[in-house]
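Chains as they are written, first to last, in our numbering: chain P, 2 to 357; chain A, 2 to 357. Glycine included, C-beta positions come from ideal geometry on N, C-alpha and C. First comes the structure, then the notes that go with it.
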């Protein structure tokens, strides 16, 4: 059993975006400090962190100095280069551990891992080349979606194949990157479970949220989700199975499709997750504090909610709605302090409390 | 009407303690940055601020540089030296304004201001010297309490006079500082109203909380307080009267004694207040965000609560209870990251949500 990190300890966070920002705030509530490692200038997390290292992921000296200055290392995104992880793991514990990163950095590895656990996934097939794509389309059928195995997020690195004739163009979109073909799942709606596991193996899940996407980007999460009691139980058991299999430490987002045949795992993210932002205003311990508690070896919050919440992402020009949202009685704003508004960029979110 | 400060604006906060820390976190939720001015090293607010100036209050150059780097100036404590304020007011708006500081920096001025508003206070009398103390004791009677006019907090700078013979020793305790004598008020319990006023004159109050002190330090605040509907209305009207009279901008803490004859104003604090910490887990917009909204010219939250809460201060060795508190389901921890535990030092607080 890991000793809890004492007051004043430093959590190293790789990545300085909005997730790192909200992790940093949560750490402060526990009397812990944060140190952000981020290649980009003026990161949102830097506004609320005790220290910031601005350096590239191939800057070994900066990585070592960062690692030496912190008590534990966590991250806000899963695409940290392997070489950087190799350096960091010599400095301080990395939580969640490298197995979770290995699995989630590659869609093929992730899907295979989930299938080997006996969980349902969309049909998928490895696509190393054009011949494999033809074979995969034959097995899975169209429509289907071709995705790069690595470095995809928010709908990037994806090409839809509606008819077999689209295959060549879709493969060209991958620009030579290894890819997988995924079939579509006929689902009613998508939910996600934000689950946490401590170093001692304790697991706690937040209530599942129901997600609506637009253009590949999460638009809203509503809690409670439309799920039967059995479906809720299944969702939590699926999440726990994944966390235990990875000997996971921290918070994970598990996206699930709700189908007549049961819950199908869409994808997992080894970090705090956009669909868990509602917990900031619905729970005593939110997903960010839960993650910090887990990586710091503190007891986990139990995840139960005291309010129903609808979380809405504020994307790009949605930021213009802030003055009006700020006037609404039950809306809690969470803005990210990003210097520039761009189409598709997540600028903040609004949690609307639904009074009972 | 003041234009709301846009995203990325910088709030200057004078004072780097726990109140500045929690103000800084609240500012981040609105996409605003903070810059802390604090003479002491390693201030708690510095762990979550974008910038920190470490300099003395008589360092004119540092004050000017701080003032030039921020869009508005606020503060977490009321005892800022007048000379420092004179410099700062040439740089950026100071909110709450100087009249609020002038009134609250001096107990005699404050009590006179409240009395002139037609509000009830404890009986009080100016004590410039020993003869005045004798006269004051004759008028007010014993027991009474002698307090320095300036720079008192958490029971410091106070001496109780149980019998007339105690007078000389009490006066000696003041060490020559100007003082006032206050009579005791026979009250059932103490409540406080955390009230906010925006630059446009909008006023919003949080639900009154009921306070319990130990050794001159706030121990717990419970919401709702034991108050009749009429008492609650009176409490809110008293607070609004004070804020309007000062043309106040920001959050103020107003402590009230509940007596059979009505509400007696104990003291006012021109800042966020310990007895408002419960709002962090009971309200959509907490007192810290409310203060930032007011000084930044944003719309105020309405102050209504969605949960009942009991706030308990963690003082000195109470920090040893953190591991046990962290295991309790409805307890939200807010720790201040102070480097050293001292008896009587506020190290954090715990908000216990009371489920309906």
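For a Cβ distance threshold of 7 Å, residue set 48 and 338 of chain A lies close to residue 34 of chain P, ordered along the chain. Interface residue (Cβ-Cβ distance to chain A less than 9 Å): residue 151 of chain P is not classified as such.
Under the three-state reduction of DSSP output, residue 320 of chain A falls in the helix class.
Per DSSP, the continuous beta strand (DSSP E) segment holding residue 35 of chain P begins and ends at 34-39.
Residue 245 of chain P: member of the alpha helix (DSSP H) spanning 230-246, first to last residue. Non-local beta-carbon contacts of residue 294 of chain P in its own chain, meaning distances under 6 Å to residues more than five positions away in sequence, involve 301 in chain order. Taken atom to atom, the span from the alpha-carbon of residue 20 of chain A to that of residue 148 of chain P is near 48 Å. As summarised for the stretch 293-357 of chain P, the continuous alpha helix (DSSP H) elements at least 4 residues long and confined to that stretch are 323-327, given in chain order.
Burial of residue 18 of chain P is indicated by the presence of at least 16 other C-beta atoms within 10 angstroms of its C-beta. Residue 216 of chain P is classed as exposed because its beta carbon has fewer than 16 other beta carbons within 10 Å across all chains shown. Nearest CB-CB separation between residue 42 of chain A and chain P: not below the 9 Å threshold. In the DSSP annotation of this structure, the continuous segment of the alpha helix (DSSP H) that includes residue 102 of chain P starts and ends at 99-105.
In this structure, residue 180 of chain A and residue 128 of chain A form a Cβ contact; the two beta carbons are roughly 4 Å apart against a cut-off of 8 Å. The way I'd put it, the stretch 309-317 of chain P doesn't touch the stretch 258-267 of chain A; fewer than three beta-carbon pairs between them come closer than 8 Å.
Straight-line measurement puts the Cα of residue 27 of chain A at about 17 Å from the Cα of residue 199 of chain A. Flagged as an interface residue toward chain P: residue 282 of chain A, by a C-beta distance shorter than 9 Å.
By the Cβ rule, the stretch 240-247 of chain P counts as touching the stretch 87-104 of chain P, because three or more pairs are nearer than 8 Å.
Taken in chain order, the complete alpha helix (DSSP H) segments of 4 or more residues contained in the stretch 48-133 of chain P are 61-70, 83-89, 99-105 and 108-117.
The Cβ of residue 357 of chain P sits closer than 9 Å to at least one Cβ of chain A. Under the DSSP assignment, residue 280 of chain A falls in the alpha helix (DSSP H) whose first and last residues are 280-283.
Residues 280 and 281 of the same chain have their beta carbon placed closer than 6 Å to that of residue 287 of chain A, with the five preceding and five following residues left out of the count.
Under the DSSP assignment, residue 15 of chain P falls outside any alpha helix (DSSP H), being part of the beta strand (DSSP E) whose first and last residues are 11-15.
Within the stretch 257-282 of chain A, those residues whose Cβ lies closer than 8 Å to any Cβ of chain P are, in chain order, 282. With fewer than 16 other Cβ atoms from the protein chains shown falling within 10 Å of its own Cβ, residue 144 of chain P counts as exposed. In this structure residue 92 of chain P is in contact with residue 68 of chain P, their Cβ atoms being roughly 2 Å apart against a cut-off of 8 Å.
In this structure residue 347 of chain P is buried. Its beta-carbon is surrounded by 16 or more other beta-carbon atoms within 10 angstroms. The stretch 45-53 of chain P makes contact with the stretch 41-59 of chain A, as at least three CB pairs between them are under 8 Å. With a cutoff of 9 Å on beta-carbon distance, residue 32 of chain P and residue 71 of chain P are scored as not near each other. The beta-bridge partner set that DSSP reports for residue 263 of chain P consists of P:260. Taken through DSSP and simplified to helix, strand or coil, residue 268 of chain A comes out as strand. When secondary structure is reduced to three states using DSSP, residue 8 of chain P falls in the coil class, being assigned neither helix nor strand. Minimum Cα-Cα distance from residue 237 of chain P among the listed residues P:275, P:141, P:193 and P:221 corresponds to P:193. Nearest to residue 182 of chain A by C-alpha distance, out of A:315, A:271, A:190 and A:150, is A:150. The Cβ of residue 292 of chain A sits no closer than 9 Å to any Cβ of chain P.
Setting aside the 5 residues that flank it on each side, residue 96 of chain A is surrounded in the same chain by 73, 74, 75, 200, 250, 251, 295 and 296, each with a C-beta closer than 8 Å to its C-beta; the list follows chain order. Looking at P:88, P:35, P:55 and P:41, the one whose alpha-carbon comes closest to that of residue 61 of chain P is P:88.
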